[in-house]
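Everything below concerns the one structure shown next.
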Amino acid sequence: MTATATAPRPTAPHDLRVGTTSSNKNNYLRHALVLAKRSLYKTLRTPESLIDVTLQPIIFLLMFVYIFGGAISGGAPSHYIQFLVPGLLGQTIAMASIAVGQYLNSDIDKGVFDRFRSLPIGRSVPLVGVVLADLVRYLVLFVILISTALLMGFDVGGHWGGVFASLTLAVGFALCFCWVSVWIGMTVRTPGAVQGVMFMIVFPLSFGSSAFVPVDTMPGWLQAFVHVNPITHVVDAVRGMMLGGPVAGPVMWTLVSMGALLVVFVPLAMRAYKRRT
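What follows is the structure, given as structure tokens:
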């Protein structure tokens, strides 16, 4: 009897299509964490890319307290810092999100994502990995901002539990808001254009909010915008947690805003990513 040897079937190209081996959630998360680590290593090799979460919060804090604080608070900058810190946290996390779009845009321009497409990983893993790496940037921002504020006289009044709760909420909001930057990064052609477009989005949202001045001092037509501004919701929630005050309503609206950001901008970013790559 002659045995018939069966040659092993060569791996067909479609077996390695992006997304076929990442249906398992554990594999997906593992791949995303590997790419997040890559992003962190790249950041550590270029520490100047952390300026927006290290020096920038300190500069804004000093500038607003000692230059504008006296005028805004009627001559008492020490009072204004209590109002300012939660607002500045909302503004700086929005501005810090600009970097993720620039990072992705630069990688696409260099052909990095073309190499990712040849790997047996989920199609969206490179985007999710970069967003996860951004979590570290937001944590650094929070620690530096709060530490500097405490040295300048900011008083949480014993609400340390609220401070840590506000950290969780603020970082969660930042991870949702950064998908706006991801979408812009997938849409425009250069990292410089990402920065320009995001500034046009972030500045009206951050300054047209309750971050720097009480809402009731604004014109009525502007108040209508401020009340639906997601930055206002997260700032009010953080302010209530840190200093005591209304929490339930602002937290609820912050969570609604986070859900809306994910529902709208994650699909937009994914579609733009597929077109771009």
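Take the sequence shown: its position 172, counting from 1, is numbered 174 in the working numbering, and each next residue is one higher. Note that the Cβ used here is the ideal one computed from N, Cα and C, for glycine as well.
Between the beta-carbon of V67 and the beta-carbon of P79, is there less than 9 Å?
-> yes
Within the chosen definition, does the region 161-169 reach the region 198-207 through at least 3 CB pairs nearer than 8 Å?
-> no
Could you name the residues of the same chain whose beta carbon sits closer than 8 Å to that of V190, not counting the 5 residues immediately before and after it, in chain order?
-> N107, V196 and V199
Whole-angstrom distance between G77 and G187, CA atom to CA atom = 43 Å
Between which two residues does the alpha helix (DSSP H) carrying M254 extend?
-> Residues A250 to R278.
N- and C-terminal bounds of the alpha helix (DSSP H) containing I53 = I53 to M65
Beta-carbon separation (whole angstroms), N37 vs V158, contact threshold 8 Å | According to the sequence displayed, residue 37 carries Leu and not Asn. L37 to V158, Cβ: 36 Å. No contact.
8 Å CB neighbourhood of K276 in its chain, flanking five on each side removed = R125
Whose C-alpha, out of L63, L143, L42 and K112, is nearest the C-alpha of D54?
-> L143
Burial state of A9 (16 or more Cβ within 10 Å) = For A9, the pLDDT reaches just 48, beneath the cut-off of 50, and the residue's location in the model is therefore unreliable, although a value from the coordinates is still provided. Under this definition A9 is an exposed residue.
Considering only residues of the region 210-243, which uninterrupted alpha helix (DSSP H) runs meet the minimum length of 4 residues and lie entirely inside it, listed in chain order?
-> 222-230
Find the nearest neighbour of L147 within the set I61, Y82, F179 and A274, judged by alpha-carbon distance.
-> I61
Nearest-angstrom Cα distance between L46 and I110?
-> 20 Å
I think V253 touches L171, with their Cβ atoms under 8 Å apart; what is that distance to the nearest whole Å?
-> Taking C-beta atoms under 8 Å as the contact rule, V253 and L171 qualify, at a distance of about 7 Å.
CA-to-CA distance, L207 to M220, given in whole angstroms = The alpha-carbon atoms of M220 and L207 are separated by roughly 14 Å.
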